[in-house]
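This report refers to the structure that appears directly beneath it.
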Amino acid sequence: MNYQTFQPHSDLESLVSCYWTLEIPAEYSSERQRIIPDGCIEMAFILGDDIKRYTSDDEFILQPRAMVLGQTIEPFFIEPTGYVNTFAIRFYPYGFANFVTTPIKDLANKETPIEFLFEKNSAKELEQKIIDAKDSKQRIEIIENFLLEKMNDKATIDTIVKQTLDALLLSKGTESITTILKDDLSKRRQLERNFKKQIGVSPKQLGKVIRLQTALKLLLNKKSDNLTKVAYESEYFDQAHFTKDFKEFTGINPKEFLGNENMALSTLFYK
DNA sequence: ACGGCGCTTGTCGGACCATT
DNA sequence: AATGGTCCGACAAGCGCCGT
């Protein structure tokens, strides 16, 4: 297995978290993988064999080979059908709205082929270029040119949305929306509307995702002492509330997660 | 498009419980 | 004593709708 991340061009670094590639030979390719919401929007190009995404226990779809995966607020499962080779762009929560006119909320909880988001020919052309490129370095160049060009006719992000988002990130998802708005309570309705449109989920939901991610990082990196401690450090009211949120976003409870889950991928992604 | 009203729905603190 | 969990009421967030 070979997982690599790359830093974006400085003009894009406020919008793009990173580029990443994952390659797994068919003979090592693994069983079902649990994907946990992390607040980011990804654009991914499948360069290897198809990848399934389960829509229920025993039903699945094949993911589009050039797609955008919007905000998710519940766990889901994917499974390689053979050789895995993926190139992807990880956007910050607010990052992707700058490149498309589609409301981001329409992308939530599913994959959208890129030809639905960009002018059809340019999407096709982009996909082909990415496929033909000889290495990640070239792919990054291609995608950066594409994005930088799109940014020129941009719909830039709302200031209230950005402020709220910054506050959420800073407080690791613990600050209440009302507190963030403080004196500007008149903006509440507007914030709700714009946040959903530009980020894809409501402010509170993103806050919860961020808070859980904080806890998850603690669990994975520190090897964690006990769950109570992790809960308090991530500012959950107590361990019981932590478990409840954990289950909501991951589908399992913390102990199961630490115990028997194949955490290879999760660990990779939450450095 | 914005701000505001008010109803519905969701969240969280807190108390408490069963299992190990 | 630690852990994973339930339930409830108060309050926060979400949302349709309406006037500007």
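Oh and the first sequence: position 187 is 186 in numbering that gives the first Met the number 0, straight run, nothing missing. Even for Gly, the Cβ is constructed at its ideal location relative to N, Cα and C.
Nearest neighbour of residue i, chosen from the options [CA to CA]
i, options, result
"T173", "F236, E191, E114 and Q189", "F236"
"F76", "M42, Q212, S29 and L116", "S29"
"T178", "I209, F95, Q238 and A166", "A166"
"I273", "Q189, N225, K228 and F241", "Residue numbering for the chain in the displayed model covers 0 to 270; residue 273 lies beyond these limits and cannot be assessed."
"Q189", "A25, A96 and D157", "D157"
"A214", "K246, L146 and K186", "K246"
"R89", "Q127, E143 and Q162", "E143"
"A87", "Y27, E22 and S185", "E22"
"A25", "I159, E140 and M0", "M0"
Rounded C-alpha distance that separates residue i from residue j
i, j, result
"Q6", "S135", "12 Å"
"Q212", "A132", "34 Å"
"L164", "M42", "21 Å"
"S201", "I72", "10 Å"
"A122", "D49", "19 Å"
"S55", "P74", "12 Å"
"R64", "S13", "26 Å"
"T20", "K216", "21 Å"
"Y91", "L205", "12 Å"
"M18", "Y93", "According to the sequence displayed, residue 18 carries Tyr and not Met. Each residue's alpha carbon lies about 16 Å from the other."
"L226", "Q238", "7 Å"
"D244", "K207", "8 Å"
"K149", "I60", "30 Å"
"T4", "Q137", "14 Å"
"S16", "P36", "15 Å"
"Y269", "D57", "With a pLDDT of only 46 at Y269, under 50, the local geometry of the prediction cannot be trusted, and the value read off the model is given with reservation. About 28 Å."
Cβ separation of residue i and residue j, assumed to be a contact under 8 Å, to the nearest whole Å
i, j, result
"G199", "L106", "6 Å"
"F95", "I40", "4 Å"
"V229", "L219", "In fact, because the Cβ distance is near 10 Å, the residues do not count as touching under 8 Å."
"K51", "T80", "6 Å"
C-beta atoms of residue i and residue j nearer than 8 Å
i, j, result
"K203", "P102", "no"
"T85", "G47", "yes"
"Q62", "I45", "yes"
Per the contact definition of three or more C-beta pairs closer than 8 Å, is the region 64 to 73 in contact with the region 107 to 124?
yes
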